[in-house]
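Colleague: Start counting the sequence shown at 0; every next residue gets the next number (numbering that gives the first Met the number 0).
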Amino acid sequence: MRLRITGRIYLHPRVLDLPRAQQLFWYTHECAHQIFGPGEAAADCWAVQQGKIQGWLSRVELTRLNLSFRQFPRDAAHADGAARIAYMEKCFAK
Numbered sequence: 000m001r002l003r004i005t006g007r008i009y010l011h012p013r014v015l016d017l018p019r020a021q022q023l024f025w026y027t028h029e030c031a032h033q034i035f036g037p038g039e040a041a042a043d044c045w046a047v048q049q050g051k052i053q054g055w056l057s058r059v060e061l062t063r064l065n066l067s068f069r070q071f072p073r074d075a076a077h078a079d080g081a082a083r084i085a086y087m088e089k090c091f092a093k
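Laid out in structure tokens, this is it:
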């Protein structure tokens with residue numbers, strides 16, 4: 000969903016069509032890459048934790064986010080959707 004250029008975040012315009020919590024998740028996820036580097040698990044976890052702390056990611060919103068992840072395939076940089084969901088659930092529980 001992003002083009003990596005240090006210090007800049009580019010989000011696909013389709014992100015703006017998502018529900019607000021998912022928009023914020025993806026923005027925060029990309030911010031996490033600026034802080035922690037390319038690791039997807041760290042970016043997912045930090046975005047979920049920040050959403051919980053800041054109040055824009057409730058249990059209901061996390062469930063909705065998880066539904067959007069179910070069909071994500073595994074690739075060289077990303078775990079499959081089911082693995083990402085399981086990890087985000089653990090991060091939310093912390």
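Backbone N, C-alpha and C fix where the C-beta goes; we use that ideal spot for every residue, glycine too.
Over the uninterrupted alpha helix (DSSP H) stretch that includes alanine 31, give me the two end residues.
Modeller: Taking the first residue of the sequence shown as position 1, residue 31 is located at position 32. Per DSSP, alanine 31 belongs to the alpha helix (DSSP H) from 19 to 35.
Colleague: Rounded to whole angstroms, what's the CA-CA distance from histidine 77 to glutamine 70? Just pull it up for me.
Modeller: Your numbering for residue 77 matches position 78 in the sequence shown. Your numbering for residue 70 matches position 71 in the sequence shown. Roughly 13 Å between the two C-alpha positions.
Colleague: Under the three-state reduction of DSSP, which class applies to arginine 7: helix, strand or coil?
Modeller: The residue you call residue 7 lines up with position 8 of the sequence shown. Here arginine 7 sits in strand by DSSP.
Colleague: Do proline 18 and arginine 63 have their beta-carbon atoms positioned less than 9 Å apart in this structure?
Modeller: Taking the first residue of the sequence shown as 1, we reach residue 63 at position 64. Taking the first residue of the sequence shown as 1, we reach residue 18 at position 19. Yes, these two residues count as a Cβ contact at 9 Å.
Colleague: Which residue's Cα is closest to the Cα of glycine 80: Ala20, Ala40, Gln49?
Modeller: Indexing the sequence shown from 1 puts residue 80 at position 81. Glycine 80 has its Cα closest to that of Ala40, out of Ala20, Ala40, Gln49.
Colleague: With distances taken between CB atoms, is the gap from valine 47 to methionine 87 smaller than 9 Å?
Modeller: Locating residue 47 in the sequence shown gives position 48, counting from the first residue. Locating residue 87 in the sequence shown gives position 88, counting from the first residue. Going by C-beta atoms, valine 47 is nearer than 9 Å to methionine 87.
Colleague: Is it right to say leucine 66 is buried, meaning 16 or more other beta carbons lie within 10 angstroms of its own, or is it exposed?
Modeller: Working through the sequence shown from its first residue, we reach residue 66 at position 67. With fewer than 16 other Cβ atoms within 10 Å, it is exposed.
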